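Counting along the sequence shown from 1, when you hit position 122 you're at 412 in the working numbering, and nothing is skipped either side. Accompanying notes for the structure given below.
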Amino acid sequence: MPGYPRYRFDQSFGGAALAVEPELVEEPDPLDLPRHSERDHQAALAMARDDGLAAGLAQGRREGETQAYRRIEADLVAALDGLAGQLAVLESSHTALMERLEAQGACVLVALVRRIAPRLLDSVARAEIERLASDALRAAGQAPVLRLRVHPSLRGPLERRLAGQADFAGRLEILDDPALDTGALEASWGAGSVGRDPAALEATLTELTERTLAALQPAAGSAAPS
């Protein structure tokens, strides 16, 4: 709106009045004037409160997830440690069980050998007697007489086996002796003798198997750890 000219004390009223241009006062832009109603104030407060609440919820969610991840990681590490311990116990138990089974298997094998040894000795008796008699012929050398004593059942086969041999030039006597075991042989000449005693062989084998079983039984009889 137009302003009125201000009064000046140095202005003379008697003379001709000077034309004074009115001083214009610039009016402010209505958009620049602050206008805050109670509704706007409450809305701003509500927006700030919602923003703060959302930020707090987001921060709490992040912190909760971080704590949850750490707890899960700790639980997983503890579970893996427990599993490793259980695996170590299982490995130890498996090793002890395998050792026990191996010892038991060895005991069974040794017992089987002890059971079938006499029959094995009998099955090879004839071949062993013929081999030992041939060795005696070569060992007798220039002795005048070589005497071979065997069980009556082996005299005939041994005579046929040694007939025509050229290793011994002296007199060969093959005698049957019912007191001898089937697989026994006694060979003697002037300078020495050799022999095969199945009973002594069986006794030696029995002693060996018993010592082996005595060494294996503690391991075979021990209970595997639970």
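Ideal placement from N, C-alpha and C gives every residue a C-beta, glycine not left out. Every value quoted in this text rests on a predicted model; they were computed, and no experiment measured them.
- Judged by pairs of C-beta atoms under 8 Å, the region 428-440 touches the region 474-492, as three or more such pairs exist.
- In this structure L422 does not touch I464 by the C-beta definition: roughly 13 Å separates them, more than the 8 Å allowed.
- One Cα belongs to R486, the other to E476, and the distance between them is close to 7 Å.
- By the criterion of a C-beta distance shorter than 6 Å, P434 is surrounded in its chain by G460, once the five residues flanking it on both sides are discounted.
- Across the set R390, D341, D330, the C-alpha of R390 shows the shortest separation from the C-alpha of L506.
- A distance of 9 Å or more separates the beta carbons of A368 and T502.
- Sequence-distant Cβ neighbours of H441 in its own chain, meaning closer than 6 Å and more than five residues away, are L470, T472.
- Of all alpha-carbon atoms in R445, G346, L343, the one lying nearest the alpha-carbon of P468 is that of R445.
- The three-state reading of DSSP puts G372 in helix, counting H, G and I together.
- D340 and R352 have their C-alpha atoms some 18 Å from each other.
- For V400, the CB contacts under 6 Å within the same chain, skipping 5 residues up- and downstream, are T499, T502, L503 in chain order.
- Per DSSP, the beta-bridge partners of R439 are L465, E476.
- In the three-state reduction of the DSSP assignment, S413 falls in the helix class.
- V398 and V414 have their C-alpha atoms some 24 Å from each other.
- The DSSP-derived three-state label of G485 is strand.
- In this structure, the CA atom of G346 is about 27 Å from the CA atom of E328.
- In the structure shown, P434 falls within a coil segment according to DSSP collapsed to helix, strand and coil.
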